[in-house]
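Residue numbers (our numbering): 224 to 864. Beta carbons: idealized from backbone N, C-alpha and C, even for Gly. Notes follow the structure.
This is the structure in structure tokens:
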């Protein structure tokens with residue numbers, strides 16, 4: 224039987240193929256509609272990428288950036304100002320398509336729905352009524368994907384002290400580490416290790432947070448009504464004096480690169496008070512990560528758990544350092560240097576020294592670069608002392624710090640605590656030496672005596688008691704204060720009375736400085752009521768008393784309802800006129816002029832003329848140039864009336 228093919232056969236074949244394709248398409252569409260049925264109305268699906276390339280690539284890295292609503296996202300602030308909100312730094316490289324497809328694992332409907340709720344709540348918790356009134360929030364269209372193995376969420380928060388949290392995803396487990404740069408008293412006594420904790424976040428919650436981050440990064444805002452011409456130019460930005468930084472970084476194992484990093488502080492808005500979208504977005508991302516941290520922050524772990532991460536951070540910054548004011552590296556490097564000295568290893572030391580060298584090579588560094596250099600120097604010295612303790616070097620560092628150190632302010636307390644922990648007897652001997660250094664700064668003496676009191680107490684009574692017979696008045700006063708705090712008034716008060724009554728102890732400057740040991744002793748005595756009214760009156764009448772001391776004691780008598788009469792004051796201040804030409808004499812002259820002591824006018828004019836004479840270069844100027852220009856001429860004018 225012969226078979227013949229009809230001319231219509233090819234057409235029928237094509238129709239059959241199209242029918243099959245149409246059926247498949249219908250099945251796909253039905254599946255998509257089924258998934259959409261669980262999505263809240265108006266909540267669109269996100270794109271698979273974490274970073275929003277449309278907004279990220281359009282945002283310039285210089286000057287002011289503008290958000291999708293035309294308002295300034297943040298502003299490049301001059302380094303001399305207190306930092307205002309820093310700009311968000313989007314990831315510049317796009318993951319390879321094959322790698323992205325390999326890691327773009329699907330999420331279950333429940334996790335996707337949870338992610339949408341988290342994303343919406345995170346953004347709405349930061350938006351204000353003005354933003355809701357004027358801006359529409361537009362969600363992305365794509366479906367979020369699961370976190371690739373090795374993904375990481377990192378957040379920082381703080382101003383002077385910082386909390387750093389890192390959550391890494393591996394084999395379906397979200398391991399978290401937390402640390403703070405603030406050391407407590409217990410840690411300081413034990414050598415000042417960095418407080419660190421570990422925790423494990425719920426796997427589904429991490430997946431949902433990762434997916435919610437994709438939704439937040441893919442979202443955008445649109446104005447409900449267009450602005451009039453030029454109405455959106457410019458904007459406002461600012462930060463409170465201690466307002467914390469909010470810093471966030473997301474990394475994906477798809478290509479090992481940063482997907483999104485941002486550092487925000489303060490607020491930024493357009494001229495019509497619409498808050499910048501970039502700030503809302505970045506703070507929402509920070510909130511998504513922060514909610515994964517348990518309230519008690521998990522269990523205490525060895526601080527070395529952070530060492531590998533810190534070393535990797537330092538290595539990364541050596542290879543691609545971005546320390547500009549608006550970049551995100553600056554804050555991360557600062558916090559890394561604050562803690563690596565406590566928990567780093569020998570590799571950390573090499574990396575810190577290399578970073579310090581790189582920073583020191585910067586020509587005309589800004590103030591934040593100089594602070595980073597100081598932090599690197601501090602971290603290096605701290606590491607060197609931890610890895611190889613040198614008591615002679617520690618001794619020199621403590622003495623040098625009192626004269627102005629180039630190291631961070633919390634470093635010397637760490638050196639002291641470490642020395643006391645490693646060698647208590649050697650540290651007490653060091654304190655004994657520091658207390659009697661003939662040229663020691665007042666701050667060093669005060670810290671030294673406070674250390675003896677705090678760390679050794681009654682066990683160091685022989686040291687404190689021996690200081691009471693020292694030839695230097697300020698050593699005797701500081702030792703007496705320490706003994707008084709320890710409850711030994713029987714030893715402290717006689718020493719303070721002896722210093723207070725000694726009118727031969729003169730001031731180093733014309734001012735009545737709070738560091739002058741004699742005045743510190745006097746103030747302690749009458750504030751503690753050891754000197755009553757008769758005792759103060761007796762001291763005022765002592766021949767050769769300092770005019771400034773007389774004035775302060777007279778004020779104290781007035782406060783106790785026992786003021787001096789004008790007759791008494793004239794007689795007392797006349798006795799000062801034979802004393803040294805210093806600030807105390809100037810007080811006496813001014814007091815006699817105010818008291819209209821006309822019998823003394825001729826003598827006062829002679830004294831003022833002498834005190835107003837120019838001072839030769841290199842001579843001590845106990846009166847001060849301001850008094851020569853203003854106070855003394857005014858007093859002469861009053862004497863002419």
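Three-state class that DSSP yields for residue i in the structure shown
i	result
residue 496	coil
residue 859	helix
residue 519	coil
residue 649	helix
residue 585	coil
residue 601	helix
residue 644	helix
residue 443	strand
residue 402	strand
residue 479	coil
residue 359	strand
residue 853	helix
residue 546	coil
residue 792	helix
residue 373	coil
residue 721	helix
residue 814	helix
residue 929	Here the chain comprises residues numbered 224 to 864, so residue 929 is not present and cannot be evaluated.
residue 754	coil
residue 739	coil
residue 350	coil
residue 563	helix
residue 731	coil
residue 612	coil
residue 222	In the structure as shown, the chain begins at 224 and stops at 864. Residue 222 is therefore absent and cannot be evaluated.
residue 366	coil
residue 664	coil
residue 308	Residue confidence for residue 308 is low, a pLDDT of 38 falling below 50, so the modelled location carries little weight and cannot support an answer.
residue 761	helix
residue 557	helix
Member of the options whose CA lies at the smallest distance from the CA of residue i
i	options	result
residue 833	805, 821 and 743	805
residue 730	742, 721 and 724	742
residue 622	669, 725, 569 and 851	669
residue 647	614, 665 and 667	614
residue 450	519, 511, 358 and 509	358
residue 798	766, 383, 369 and 520	766
residue 813	857, 787, 781 and 391	857
residue 687	570, 807, 706 and 439	706
residue 601	801, 350 and 579	579
residue 434	405, 402 and 475	475
residue 656	637, 693 and 641	693
residue 854	822, 816, 826 and 820	816
residue 515	432, 542 and 762	432
residue 659	691, 777 and 467	691
residue 511	786, 424, 720 and 751	424
Which residues DSSP lists as bridging residue i, in chain order
i	result
residue 392	397
residue 386	380 and 403
residue 470	379 and 486
residue 421	400 and 522
residue 459	492
Local Cβ density within 10 Å of residue i, reported as buried at 16 or more and exposed below that
i	result
residue 769	buried
residue 321	Annotation note: pLDDT 36 at residue 321 (below 50); position unreliable, coordinate value reported separately. Burial call: exposed.
residue 552	buried
residue 559	buried
residue 465	exposed
residue 487	buried
residue 754	buried
residue 505	buried
residue 529	buried
residue 192	Because residue 192 is not part of the residues shown, which for the chain are 224 to 864, the question remains open.
residue 370	buried
residue 489	buried
residue 441	buried
residue 375	buried
residue 402	buried
residue 604	buried
Counting Cβ pairs, one atom from each stretch, are 3 or more of them under 8 Å apart for the segment 552 to 565 and the segment 492 to 503? no
Are there three or more Cβ pairs, one per stretch, closer than 8 Å when the segment 437 to 446 is compared with the segment 529 to 541? no
Report yes or no: do the segment 335 to 351 and the segment 425 to 436 share at least 3 C-beta pairs separated by less than 8 Å? yes
Stretch pair the segment 661 to 677 + the segment 690 to 708: three plus CB contacts closer than 8 Å: Result yes; three or more Cβ-Cβ pairs closer than 8 Å.
Tell me, please, whether the segment 363 to 371 touches the segment 509 to 524 by the rule of three or more beta-carbon pairs shorter than 8 Å. no
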